[in-house]
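Chains as they are written, first to last, in our numbering: chain V, -3 to 220; chain F, 10 to 246.
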């Protein structure tokens, strides 16, 4: 059995000097698994995702990712970690460019070129036909469409881990099905590990192998 | 009224005849404005970006000084530059007093705080979500800076257009540092002041027409850029 992709031990996280908002004594996330995170607003789901996406450093405890210890030294080159574990945050926004340029942006950051076919494939995964959408300006998108374009930009990177914070917020039923298919497709195609936070428990249960419930920054229940 | 319309007719005739004296002033204005704007942008864009993007001790004090410089009367800037460049001044041996480069340096001191302040505001106003979105896609620090600059491009172009409008219409610095020397350092604004004082309204009006056309163009560009910059931020909200 291969080592887990993430291994957290004695983790405490906080914003600034304030009180800890997340405490995780022990958590392992297996490679290629889909972990769901449930809980009320402010329960710590987004904080855990930021920690896993290396946008927030732990105050205490140890975090291992892909077999490497993620400490202050590793976080000095955090972009290298963030190229493997990509977060779609609740408040992610698009660049003021075309849809195609937004989808290609992450690849360009890695020095890779994005072919029309790759862009079209990423858009198709979230149910947006490239013929209709690739040339559109970001201004011409609805909120739900912008969110799906942001997801397509992350799927195009085929990361080791994809972290989705409320990916279906504001989407209609058909769109949420596209997001679910995209998540499952990323695992099937690239072995991507997914961690998904959502309030839509039925949708989450249909996507995830395991759902953890958080409350006041602690994992209080797990359901497989 | 005849007096005015006569002046206007003569002014149009001067412009159509490409009167050398009139166009000497236009050329001098274009030269010093272009030089000063280039220097202001070269220095002001990185400084403004640093002021808007980075958090460092004394940042508020620096911002206060820049905003204070925005309200400095141009004759005071002219006085300071004159004192620096005069024969007895610390930079007197450079021979910049009563020269176009001297006027351009004075105008740079006028344009620089405009560029720094507006660039800093543009960078500060760039959606905070943008930083997280770009970082989460794997951007390093340099790539984050490039993305922020790119997103603030219309607001920074607005800063350049605003500075240009201020520089091209400036009179105090041009008069004090340039000395209003015919065929050499006489700009549109100093020429208007002189010609009007001599009762030569036609020349004054001719130059005034040029200045008003430039001002109209600048205002149109500023209006366009302001709309684009505002749409960028509204659209992402």
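Think of the CB as a built atom: it goes at the ideal place given N, C-alpha and C, for glycine as much as any other residue.
If you check each beta-carbon in the stretch 115 to 147 of chain F against every beta-carbon of chain V, the ones closer than 7 Å belong to 136, 138, 139, 141, 142, 144, 145, 146, 147. In this structure residue 54 of chain F touches residue 165 of chain F by the C-beta definition: roughly 7 Å separates them, less than 8 Å. For the stretch 32 to 60 of chain V, the set of residues with a beta-carbon nearer than 8 Å to any beta-carbon of chain F comprises 49, 51, in chain order.
According to the DSSP assignment, residue 183 of chain V belongs to no beta strand (DSSP E) but to the alpha helix (DSSP H) extending over 169 to 186. Chain-order list of chain V residues neighbouring residue 156 of chain F: 91, by C-beta distance under 8 Å. Distances from the CA of residue 90 of chain F to each of F/139, F/187, F/195 were compared; the closest alpha carbon is that of F/187. Judged by their CB atoms, residue 140 of chain V and residue 167 of chain V are nearer to each other than the 7 Å cut-off.
In the structure shown, the three-state DSSP call for residue 32 of chain V is strand. Per DSSP, the unbroken alpha helix (DSSP H) holding residue 74 of chain V starts and ends at 74 to 78. The CB of residue 149 of chain V comes closer than 8 Å to the CB of 146 in chain F, given here in chain order. As the crow flies, the alpha-carbon of residue 100 of chain V is around 13 Å from that of residue 154 of chain V. Contact of residue 85 of chain V with chain F is assigned, a C-beta pair being separated by under 7 Å. Pairing residue 168 of chain F with residue 37 of chain F, the inter-Cα distance amounts to about 23 Å. Residue 22 of chain V sits away from residue 55 of chain V, with the two beta carbons spaced by 7 Å or more. No Cβ-Cβ contact shorter than 7 Å links residue 15 of chain F with residue 83 of chain F.
Below the 8 Å Cβ cutoff, chain F contributes no neighbours of residue 209 of chain V, its closest Cβ being approximately 25 Å away.
In this structure, residue 45 of chain F keeps its C-beta atom at 7 Å or more from the C-beta atom of residue 129 of chain F. Residue 112 of chain V counts as exposed, since fewer than 16 other C-beta atoms from the protein chains shown sit within 10 angstroms of its C-beta. For the 7 Å CB-CB criterion, residue 197 of chain F and residue 220 of chain F form a contact. When V/87, V/38, V/194 are compared, the shortest CA-CA separation from residue 143 of chain V is found for V/87. Nearest in C-alpha terms to residue 206 of chain V, of all of V/126, V/31, V/13, V/38, is V/31. A Cβ-Cβ distance of about 5 Å is found for the pair residue 215 of chain F and residue 31 of chain F, placing them in contact under the 8 Å criterion. Look at residue 190 of chain F here: in three-state DSSP terms it is coil, with no helix or strand label.
Residue burial annotation: residue 187 of chain V is exposed, with fewer than 16 other C-beta atoms found within 10 angstroms of its C-beta. In this structure, the alpha-carbon of residue 183 of chain F lies about 8 Å from that of residue 195 of chain F.
For residue 152 of chain F, the nearest beta carbon of chain V is closer than 7 Å to its own beta carbon.
The closest CA to that of residue 136 of chain V, considering only V/91, V/169, V/6, is found on V/91.
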